[in-house]
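Residue numbers (our numbering): 201 to 519.
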């Protein structure tokens with residue numbers, strides 16, 4: 201079929217006529233895979249993300265779309281719910297030749313080496329929030345989680361609370377590990393020494409609500425301050441505080457991470473992440489990697505900043 205569509209040789213006339221008749225009857229249109237078989241680019245970048253949350257990935261996608269339009273690239277967007285889903289999607293994109301590059305926000309335990317194994321030897325890949333591991337044709341877009349978390353905890357500790365709760369994400373996600381490291385450094389360096397509790401969530405609002413509610417039910421008391429490792433889980437904590445008639449920030453201070461539109465709308469203090477810029481730079485790296493697969497792996501780290509709002513007691517200005 202590929203040879204007939206591209207008018208190449210080595211096709212008997214009888215076979216050509218049968219193929220053309222089948223194309224007409226089936227109303228067949230050449231796919232991206234067919235174009236790849238003809239040795240052409242698809243001019244498509246695949247974007248693979250977990251299920252959309254309260255706003256982080258929406259903003260990242262807006263940045264991706266903005267630069268993809270400038271670069272005249274089409275987007276093929278897929279969502280996954282598990283390690284197995286992600287593995288299947290990556291294999292399919294590569295095997296069927298659906299894209300010239302893949303942008304992956306990996307919310308699973310799959311490591312870069314396994315991702316490369318699933319996609320073949322040299323399909324360009326840009327990882328969001330995951331180190332590339334110096335693997336061929338893989339680049340990374342990272343954010344300064346460590347400094348952002350450190351500043352968030354410093355801010356929470358200024359009123360010298362007696363207790364501090366850290367609500368982390370899964371340990372296998374590098375964002376969560378880096379934020380925990382930054383939080384621990386701020387705690388160690390602080391003059392006050394609050395009682396610290398660490399709980400593990402999964403970066404979703406319902407999960408933040410459940411984990412925090414279970415902790416309060418078991419413990420019987422509320423912490424003075426909470427650092428949730430993303431805004432979605434922070435809103436889950438706020439749900440529990442509201443239901444328990446706890447005042448924020450008078451009874452409990454809380455800070456999130458990401459700086460989503462919802463955080464701004466509801467006055468949640470948060471560590472702001474340049475979400476659109478993540479998407480924009482991911483596409484730029486993908487396009488550059490399509491042009492030069494043999495270049496050295498690139499790591500780009502974007503800065504974060506604390507924005508103090510009404511859920512914390514100290515300050516109202518951007519920090």
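Note that CB positions come from ideal geometry on N, CA and C, so glycine has one too.
| field | Reference residue 473; option with closest CA among 466, 489, 485, 456 | value | 456
| field | 3-residue-minimum beta strand (DSSP E) runs that sit fully inside the segment 428 to 475, ordered along the chain | value | 453 to 458, 469 to 472
| task | Quick one: grab the DSSP three-state call for residue 518. | result | Residue placement at residue 518 cannot be trusted, given a pLDDT of 43 that sits under 50; what the coordinates show is reported in the next sentence. In the structure shown, residue 518 sits in a strand (DSSP, three-state: E or B).
| query | Would a C-beta distance cut-off of 9 Å place residue 435 and residue 408 closer than the cut-off? | reply | yes
| Which partner residues does residue 279 have in the DSSP bridge list? | 249
| message | Could you compute how far the alpha carbon of residue 327 sits from the alpha carbon of residue 211? | response | 42 Å
| field | Beta-carbon separation (whole angstroms), residue 300 vs residue 504, contact threshold 8 Å | value | Not a contact, Cβ separation roughly 31 Å.
| task | Could you tell me which residues DSSP puts in a beta bridge with residue 301? | result | 245
| field | Backbone secondary structure at residue 344 - three-state DSSP | value | coil
| query | Given residue 333, which residues of its chain have a CB within under 6 Å of its CB, disregarding the five upstream and five downstream residues? | reply | 312
| query | Who are the Cβ neighbours of residue 412 in its own chain at under 6 Å, not counting the five residues just before and after it? | reply | 437, 440
| request: State the start and end residues of the unbroken beta strand (DSSP E) segment that holds residue 363. | output: 363 to 368
| task | Check whether the segment 340 to 358 touches the segment 418 to 431, taking contact to mean three or more Cβ pairs, one atom from each stretch, closer than 8 Å. | result | yes
| According to the neighbour-count rule (16 or more other Cβ atoms, all chains shown, within 10 Å of its Cβ), is residue 492 buried or exposed? | exposed
| task | Starting from the Cα of residue 401, find the closest Cα among 388, 373, 391, 420 and give me that residue. | result | 373
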